[in-house]
Amino acid sequence: MGLFTTSPQRSFPPFWTQYLAAFAREKSQAGFLGSTLDGKKLDTTRFVVFDTETTGLHYKEDRILSIGAVTVINNEISIAQSLELYLKQDIYKPESAKIHGILRNGSYEQVNEQEAIEKCLEFIGTNILIGHHIGFDVAVINAALKRAQLGKLKNRVLDTETLYKRLVHPINRSLQEKRYTLDELAEALKIPLHDRHTSAGDALITAIAFIKIVKRLNSDGSLTVKQLFRKN
Amino acid sequence: MQNTIAQRIYDFLKQFPPFQFMAESDLLDICSQASVLYLDKDEVIFKRDQAYGDRFYIVQQGAIKLTRPSKDVIKVVDICDEGDLFGLKVTSTDTYRTTATANEETILYTLPMEEFSAFAKANKAISNYLIASFASNIKDPYTLQQSGSLLNTYEPERSAHLLGLEQARYSTAIITCSPKTSIQEAARLMQQHRIGCLVITTDSIPVGVLTNRELRNAIANNIISSDHVVHDAMITQVVCAVPKVTVAQAQLILLKNGISHLIITEDGTASTKVVGVLSKHDIVVAYGNSPAELVKEIKRAKKTKMLRFTWEKATLLLERYLDQNLPISHILNIFSELKDALMQRTMELSLSKMAHNPPVPFTWLALGSQGREEQLLYTDQDNALIYEDVSPENNEATKGYFLHLANRMNKRLHKIGYDYCPADMMGSNPLYCLSLSEWKAQFSTWIKDPSPESMLLSGIFFDYRMVYGTQELVGELTASIYDQLSTSSVFFRFMAKDALKNPPPVSFFRNFLVESDGAHKDEFDIKNRAMAPLISGARVLSLYHNLRNINHTSERFEKLAELEPQNKELFESCAYAFKALLKFRVKQGLRNDDSGRFIKLADLSKEERLKLKRCFKPLRDLQEVLRVRFQTQNLS
């Protein structure tokens, strides 16, 4: 048995192989030394703004209640290209229902976790994921992928909180260290709040925030996608 | 699939025309194809002469400016506010007619043009709305008065009414007699039925007409003996019309032939049966209560109750005038005539009830909005009385007489429908029933020693107008006031400061400032917040320019525009805005049967809200002019 071979008896579901293949294709186009971000233009790149609602804040134990995502291309949010999934629940915490308004077996059409992941990966493809505190959302999806015995998400991610902080002058150090909730971010950017705590509504607010932030960062019109990933 | 965002867009769009005319499923369907667009200030959405895109836009938040070049300048065609739709291809042209720029930070919804057009074609309400709103391509911020009633102009009934195109009503209970009836018998018949016209028929076919005029001529020509018959006196040329004759047509026929009665026959000729008689009076009735008739009625009224009744009729007339969108200045002119007649008659009635004639000449003044001739509805009565100076020993008795008179007057006006003034600014208050020299002293105190408190009073008293009495007293008072004004600049500053006490009524976030407490919580006070700043601004500026005898706020602004060419545009838009606000208030008042002062914003349609907002635009600039000119910031 060779060192680098995986066990032959394990076969992956097609959506996962497709997901991986798309990344491999993109990488091969970029070349061995190149980055997939090279030459990506801001106004043609498809960004997926992403939000999940969960039963709690422990990404390992808690489960996904809903997934909402919208796409942003050239500052435009397309409703036709959006995703809104509600998941069937095994673990259910009544206290979180109050915040999220998603009742167990509510009147929504529901999918199981496996289907949700499949639809979600199909929707996001190799696009860059945007989210507010996206680390948590990615961890939650990764936990679900792990339960399905699959690997982790391979998409690049951008956090709107980190991006927003680039707008704050370094001299305001205290603000640099501040944590912003989505509500606070929306308030700072003067975005009207409605539909908080539905994943699709949060995704829409995050998308508008993302567009606003990028416009401010791009005041001279020369910003590239790659520069968005620059570390401060 | 559940789609929360589409649902939210649906919730937003369904508030506005033309989307409110769409079926729920259709609108939801189109919303799921929407997209959301965020724009920074000054970002361009599309340019004039650019080919149409496949989507059109609705403002969700913020504002979009539509411009197009006009000669050398870029002209703002429209400012699209929340809920406004733009960029929709309606005509056959292939390119945008205007350039669309974000006027501020804006969020737009975009919808697919083709899908929407399909709905629009299938739905008459939508296409009507679109045609109407795009046909009136003359929108500009200051001339948008009509936009709310765009659809109304497409209703035939309304315009028909204005032109008299409806079928005329006439009397079908015709009194006839044969040509062989004696003249005396015919006259007796007319007397019995109290009519002015007899139709002379043989077998129901009209052969002649006998009216009051023919009878008069008969007397003059001495053909009234008992053996004279109708045939000798009647006119044999019968002017006829078809039963479907319109009011305007009938009026023309009467005028052309110089007659007062028109005979309606089955086919409109004199050879068929008579079916009715149309008189001049019927035409007057068809055109509604004419102001001339009302004045006549007021002058003849013997009791206050009859005055009240007549005035209610006048309100109906007002409603109709507003419906027909007559210019408000025209309506105001008519109504100030009517109101003057009303006041004069009320005074005559009051005087007739007094024990003796007034000891000295006096003048009854209308104050405030009545003084400015801007009152169309019932409001509070503000009035005052001046009487000629008398010797000190007689003053008490004279004052007593006039207080008594004023008391009667106020009571009568109350009966007619004018509420007592809550601040008691009425002639029956001993403070405001003064001799000429007392009034001069009073105004002198206000001018020489102004205080913020006295400004409320002077604001009302400086807009006075004579309603009844001797012109000389008013003339003398006015001369004395202007004399004092020329020596006091501090008074202007106080007055200007007072005019600034109400800030423009739209908040930073483009919302209306509403009342925060009291009985009218969350309602918009159109009088204090929108009209009062214009009224007081016009007052101080016209006093400053020594403009006498112009009391009307919009006329004051028009005059000011002539006097100050550098502010011409501003003053003209102030005049326009004031007229529009006044019309608005009157309409609201008629709708709710009150003074129209407090407006529930929730009851307004989107068009009305926008119209109101546009009227506020010149306010800020006007207040800036006052602030700079009168240096108000240094006043405590």
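Protein sequence lines correspond, in order, to chains Z and L. Sequential numbering from 12 applies to the first sequence in the working numbering. Sequential numbering from 916 applies to the second sequence in the working numbering. Note that CB positions come from ideal geometry on N, CA and C, so glycine has one too. All values derive from a computational prediction rather than experimental measurement.
Helix, strand or coil, according to DSSP, for L/Leu-1065 in the structure here?
Confidence in L/Leu-1065 is poor, its pLDDT being 35 and thus under 50, which makes the residue's placement too unreliable to answer from.
By how many angstroms is the C-alpha of L/Ala-1299 removed from the C-alpha of L/Phe-1317?
11 Å
Could you tell me which whole alpha helix (DSSP H) segments of length 4 or greater appear in the region 1107-1180 of chain L?
1127-1135, 1145-1148, 1162-1172
Counting only Cβ pairs nearer than 8 Å, list the residues of chain L close to Z/Ala-90.
It is Ile, not Ala, that sits at residue 90 of chain Z in the sequence shown. Those within 8 Å of Z/Ile-90 in chain L are Asn-918, Ile-920, Ala-921, Ile-924, Cys-946, Ser-947, Gln-948, Ala-949, Ser-950, Val-951.
Please list the partners that L/Gln-976 has in chain Z, where partner means a Cβ-to-Cβ separation under 8 Å.
Those are Pro-203, listed as they occur along chain Z.
Any beta carbon of chain Z sitting closer than 7 Å to that of L/Asp-955?
yes
Between which two residues does the alpha helix (DSSP H) harbouring Z/Arg-36 extend?
25-41
Mind checking the region 1002-1026 of chain L against chain Z and listing, in chain order, the residues whose C-beta falls within less than 8 Å of any C-beta there?
Glu-1020, Ile-1022, Thr-1025
Under DSSP, the beta strand (DSSP E) around L/Asn-1298 begins and ends at which residues?
1298-1302
Quick check: what's the CA-CA separation for L/Asp-969 versus L/Leu-1003?
9 Å
At a Cβ threshold of 7 Å, is Z/Gly-212 touching chain L?
yes
Report the option in L/Glu-1353, L/Phe-1377, L/Cys-1489 whose CA atom is closest to the CA atom of L/Lys-1532.
Each of L/Glu-1353, L/Phe-1377, L/Cys-1489 was checked against the Cα of L/Lys-1532, and the nearest Cα belongs to L/Cys-1489.
When the cut-off is 7 Å and only beta carbons count, does Z/Thr-209 lie next to chain L?
yes
Is there a C-beta anywhere in chain L that falls below 7 Å from the one on Z/Ile-182?
no
Three-state secondary structure (DSSP) at L/Met-1340?
coil
Tell me whether L/Tyr-1397 is buried or exposed, calling it buried when 16 or more other Cβ atoms sit within 10 Å of its Cβ.
exposed
Would DSSP call L/Tyr-1335 helix, strand or coil?
Here L/Tyr-1335 sits in coil by DSSP.
Do Z/Gly-142 and Z/Phe-61 count as a contact pair if the criterion is CB distance below 7 Å?
yes
For my contact list, L/Arg-1571 and L/Thr-1225 are in at a C-beta cut-off of 8 Å; report their separation, rounded to the angstrom.
Outside the shown range of chain L (916 to 1551) lies residue 1571 of chain L, about which nothing can therefore be said.
Distance, Cα to Cα, L/Ile-890 vs L/Thr-1219?
Because residue 890 of chain L is not part of the residues shown, which for chain L are 916 to 1551, the question remains open.
Would you call the region 1126-1135 of chain L in contact with the region 1159-1171 of chain L, where contact means no fewer than 3 C-beta pairs closer than 8 Å?
no
Go through its chain and collect everything with a Cβ distance to L/Leu-1380's Cβ below 6 Å, but skip five positions before and after it.
Here residue 1380 of chain L turns out to be Arg, not Leu, going by the sequence shown. Correct list, in chain order: Ala-1281, Gly-1286, Asn-1466.
With a threshold of 8 Å on Cβ separation, who are the neighbours of L/Val-1305 within its own chain once the five nearest residues in sequence on each side are excluded?
Pro-1274, Val-1275, Thr-1313, Ser-1350
If I'm right that L/Ala-1040 touches L/Phe-936 with Cβ under 8 Å, what's the distance once you round it to whole angstroms?
4 Å
On the DSSP bridge assignment, give the partners of L/Glu-1438 in chain order.
L/Lys-1515
Once DSSP output is grouped into helix, strand and coil, what is the label at L/Ala-1083?
coil
Identify every run of the alpha helix (DSSP H) within the region 1175-1234 of chain L, keeping only runs that are complete inside it and at least 4 residues long; order them along the chain.
List check, alpha helix (DSSP H) in window: 1195-1201, 1206-1215.
Measuring CA to CA, which of Z/Glu-129, Z/Leu-169, Z/Tyr-97, Z/Ile-88 is closest to L/Ile-1022?
The candidate whose alpha carbon is nearest that of L/Ile-1022 is Z/Ile-88.
Tell me L/Phe-1250's beta-bridge partners as DSSP assigns them.
DSSP output for L/Phe-1250 lists no bridge partner at all.
Quick one: list the residues of chain L neighbouring Z/Lys-223, beta-carbon separation under 8 Å, in chain order.
Tyr-953
Measure the C-alpha to C-alpha separation of Z/Thr-171 and L/Ile-1450 and round it to an integer number of angstroms.
51 Å
Give me, in chain order, the residues of the same chain whose beta-carbon lies closer than 8 Å to that of Z/Asp-231; leave out the 5 immediate sequence neighbours on both sides.
none
Just list the residues that DSSP pairs L/Ile-1243 with in beta bridges.
In the DSSP output, where bridge partners are listed per residue, L/Ile-1243 has none listed.
For the beta strand (DSSP E) that Z/Arg-57 lies in, which residues bound it at each end?
57-65
Sorted by chain position, which residues of the same chain lie with C-beta nearer than 8 Å to Z/Gln-187's C-beta, five sequence neighbours on each side aside?
Lys-176, Val-179, Pro-181
Using a C-beta to C-beta distance shorter than 7 Å, which residues of chain L count as neighbours of Z/Asn-86?
Leu-952, Tyr-953
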